[in-house]
Every structure is written in structure tokens, then in C-alpha cells.
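Trainee:
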Amino acid sequence: SRVEAGELLKSIRASSGLEGAALGALGDKEANTLILDRLRAARPEDFILSEESVDDRARCAASRVWIVDPLDGTREYASGSSEWAVHIGLAIDGRPALGAVSVPDRDQVFATDDLPPQHPPCPAGLRVVVSRSRAPDIAACVGNRLGAIMIPMGSAGAKAMAVVEGRADVYLHDGGQYEWDNCAPAAVALAAGLHASRIDGSPLVYNCENPLLPDLLICRREVAETVLEAIARG
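Position 64, counted from 1, in the sequence shown is what the UniProt record's numbering calls 64; the numbers after and before it change by one each time, with no gaps.
(1) Just to confirm, are D174 and I218 a CB contact at a threshold of 8 Å?
(2) Would you check if the distance between the CB atom of V130 and the CB atom of I151 is smaller than 8 Å?
(3) At which residue ranges does the segment 151 to 216 contain complete alpha helix (DSSP H) runs of 4 or more residues, listed in the order of the chain?
(4) For the segment 63 to 125, list the beta strand (DSSP E) runs that are entirely contained and at least 3 residues long, ordered along the chain.
(5) For S133, which residues in the same chain have their Cβ closer than 8 Å to its Cβ, ignoring the five residues on either side in sequence?
(6) The beta strand (DSSP E) that contains R127, what's its start and end?
(7) Between S197 and L126, what straight-line distance do the alpha-carbon atoms span, to the nearest angstrom?
(8) Among residues of its own chain, excluding the 5 on either side of Y77, which ones have a beta-carbon nearer than 8 Å to its beta-carbon?
(9) Use the C-beta contact count for R59: other C-beta atoms within 10 angstroms, 16 or more gives buried, fewer gives exposed.
(10) Excluding sequence positions up to five away, which residues of its chain have a Cβ less than 6 Å from the Cβ of R221?
(11) Where do the ends of the beta strand (DSSP E) carrying L50 lie?
(12) Inspect the beta-carbon positions of V103 and D169 and report whether they are closer than 8 Å.
(13) Exposed or buried, A61, counting other C-beta atoms within 10 Å across all chains shown (16 or more means buried)?
Structure follows, in C-alpha cells:
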């Protein structure tokens with residue numbers, strides 16, 4: 001379903017005749033239906049938390065919950081940018097256990113069971129992905145403090161996978177996200193041997209009653225302490 005959803009979204013963008021918010025809304029709806037149908041057929045006893053579906057709070061008592069963002073980066077998708085993604089994550093007892101992030105316009109799928117080799121650190125210094133559309137945030141502030149190179153990029157999934165792929169070293173966010181924005185990216189990052197936590201260094205916990213997850217740090221393990229110290233200095 002992680003590949004199917006991406007192909008469906010590309011097809012909708014190419015053939016629907018829609019643009020802007022209407023295109024994003026249709027893509028969200030159709031990809032969500034496909035992913036949830038596949039998950040329910042394969043894992044009927046598991047619960048699902050999706051950005052595009054009504055939240056069944058009975059999930060809070062469940063051990064296994066699939067956490068889905070059928071279209072991460074709706075604005076980027078609708079504008080023709082390649083910086084959008086499909087997130088399918090599985091939280092087991094609150095931890096990001098399994099996940100896949102598809103970046104369809106780059107024909108890439110990053111999954112906890114199939115990851116690319118890590119790239120060596122950039123010799124020119126830390127590379128920090130920052131928002132292409134939002135005002136300067138904590139990532140830019142910390143990046144400046146550490147003398148990092150800033151790489152503008154859209155969508156949470158695209159940013160996180162840039163670190164997994166080795167095209168960046170740090171993805172830092174404090175502007176407010178939800179569990180579906182980062183469960184799959186965090187699972188993939190952890191499986192790749194990266195650091196993934198809240199910005200105070202505490203673990204990421206999923207399947208909470210309130211799915212708001214305000215902040216996130218994904219980075220190379222060897223720079224995690226330095227980045228966390230820079231965050232703590234405010």
C-alpha cells in the first residue's frame with residue numbers, strides 16, 4: 001500500500017484536472033481510503049489513527065496502532081513540488097516500531113525493513129533542513145548557533161528522509177505536529193541507526209489520547225548531544 005498510494009496520488013494529480021486545495025483534498029481522501037482498506041484487510045484486529053479519518057479513541061487501550069498520513073505535504077503536492085510523502089507507521093505499546101515513508105515523485109520508499117546505506121558526514125559542517133514555507137524557527141536558530149548549512153525543504157517526511165538518506169544531518173521541528181506527521185519517519189530513522197526524540201531528548205511516545213506531538217528531533221547519533229545542548233541553551 002505504501003507504493004500503491006504514491007502511484008495513486010501521482011495519477012490523481014496528472015489526470016483529475018484539479019489544482020490547489022481541491023487537488024490536495026481529493027488526493028488525501030483517495031489515498032486514505034486505499035491505505036486503510038489495505039491495512040484493515042491485512043490486520044483486521046489492529047487499530048488505525050489517520051489524519052483523514054475520525055479518531056476512534058478505543059485505540060488508546062490497544063497495543064498495536066497504525067498511524068497514517070496519506071499525504072504529507074499537501075501544499076507541495078498540489079503545487080507540483082516533489083517534496084511530499086506518504087507515511088504508514090506502526091506504534092507498538094507507544095513506540096514507533098515499524099514504518100514506511102514513500103517519496104513518490106523521487107520514486108523512493110524508505111522502510112524499516114529495507115534501508116539505504118548511511119552516507120559519510122558532510123565535511124563542510126552540519127546540514128540542517130529548514131522549512132521552505134514557514135518563518136525562521138528553532139531549526140534555523142539552532143543551525144545558526146552551530147554554524148550549519150541550511151537546506152530549505154517542504155514536508156516533514158521529505159525532511160526526515162533527507163537525514164535518513166544522508167543528504168542532511170539534522171531535522172528539527174517545534175512548530176506543532178501530530179503523530180501521523182512523524183511516527184513513520186521516526187520509525188524509519190531509528191531503524192537506520194539515527195537519533196529520534198523530542199527536543200528535550202525524551203522519547204517519542206505515540207498512540208496518546210491527544211495526538212498532538214509538538215516537537216521532534218531526527219539527526220545523526222554522533223551530533224545528537226551537540227544539537228540537544230544547543231536547543232537547551234535557547
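C-beta atoms are modelled at their ideal positions from N, C-alpha and C, and glycine is treated no differently.
These figures come from a predicted structure and were not determined experimentally.
Mentor: Reading from the atomic positions:
(1) Taking the first residue of the sequence shown as 1, we reach residue 174 at position 174. Taking the first residue of the sequence shown as 1, we reach residue 218 at position 218. Going by C-beta atoms, D174 is not nearer than 8 Å to I218.
(2) On the sequence shown, residue 130 is found 130 positions in, with the first residue counted as 1. On the sequence shown, residue 151 is found 151 positions in, with the first residue counted as 1. Yes. Within cutoff.
(3) DSSP runs (the alpha helix (DSSP H)) wholly in the segment 151 to 216: 156 to 165 and 179 to 191.
(4) Listed in chain order, the complete beta strand (DSSP E) runs (minimum 3 residues) inside the segment 63 to 125 are 64 to 72, 85 to 92, 95 to 103 and 108 to 111.
(5) Here residue 133 refers to the residue found at position 133 of the sequence shown. Taken in chain order, the residues that qualify are R75 and G154.
(6) Numbered from its first residue, the sequence shown carries residue 127 at position 127. Following the DSSP letters along the chain, one finds R127 inside the beta strand (DSSP E) bounded by residues R127 to S131.
(7) By 1-based counting over the sequence shown, the position of residue 197 is 197. By 1-based counting over the sequence shown, the position of residue 126 is 126. Distance from the CA of S197 to the CA of L126, rounded to the nearest whole angstrom, comes to 18 Å.
(8) The residue given as residue 77 occupies position 77 in the sequence shown. Taken in chain order, the residues that qualify are L9, R13, L23, G24, G27, L71 and W84.
(9) Looking up residue 59 in the sequence shown gives position 59. Under this definition R59 is a buried residue.
(10) Within the sequence shown, numbered from 1, the residue matching residue 221 stands at position 221. Scanning its chain for C-beta atoms nearer than 6 Å, with the 5 sequence neighbours on each side dropped, one finds around R221 the residues H195, in chain order.
(11) As a position in the sequence shown, residue 50 is number 50, starting the count at 1. The amino acid occupying residue 50 in the given sequence is Ser; Leu does not appear at that position. Segment F47 to S50, the beta strand (DSSP E) holding S50.
(12) Within the sequence shown, the letter at position 103 stands for residue 103. Within the sequence shown, the letter at position 169 stands for residue 169. In this structure, D169 does not lie closer than 8 Å to V103 by Cβ.
(13) Residue numbering aside, residue 61 sits at position 61 when the sequence shown is read from its first letter. It is exposed - the Cβ of A61 has fewer than 16 other Cβ atoms within 10 Å.
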